[in-house]
Amino acid sequence: MATERNHIHELIDKLEALPLERINEVEDFIDFIKQRDQDRQLTHAATKTAEPSLQKVWDNPDDAVYDAL
Numbered sequence: 087m088a089t090e091r092n093h094i095h096e097l098i099d100k101l102e103a104l105p106l107e108r109i110n111e112v113e114d115f116i117d118f119i120k121q122r123d124q125d126r127q128l129t130h131a132a133t134k135t136a137e138p139s140l141q142k143v144w145d146n147p148d149d150a151v152y153d154a155l
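Residue numbers (my numbering): 87 to 155.
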């Protein structure tokens, strides 16, 4: 935990050394990362929700040969 805190403080020190326009770029990048993570979580949740309904389609004798690939 202390190491994580130290890392955060090091990042803050680096941010404080940047000019304002670069800080804005960093903020945009952080927002992008957060949005990407949220999108991935939504995709994963949707996939998990759809799996039971697609199970019959995926698991059938006609397509069993593809399971070995």
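Heads up, the beta-carbon is just placed ideally off N, CA and C, and yes, glycines get one too. Computed from a prediction, not measured in an experiment: that's the story for all the values here.
Query	Result
I need the straight-line Cα distance from isoleucine 98 to histidine 130, nearest angstrom please.	32 Å
What does the alpha-carbon distance come out to for the pair asparagine 92 and glutamate 102?	15 Å
Looking at the secondary structure, which residues open and close the alpha helix (DSSP H) in which alanine 132 lies?	106-144
To the nearest angstrom, how far is the alpha carbon of glutamine 37 from that of arginine 108?	The structure shown does not extend to residue 37, since the chain is modelled only from 87 to 155, so the question has no answer here.
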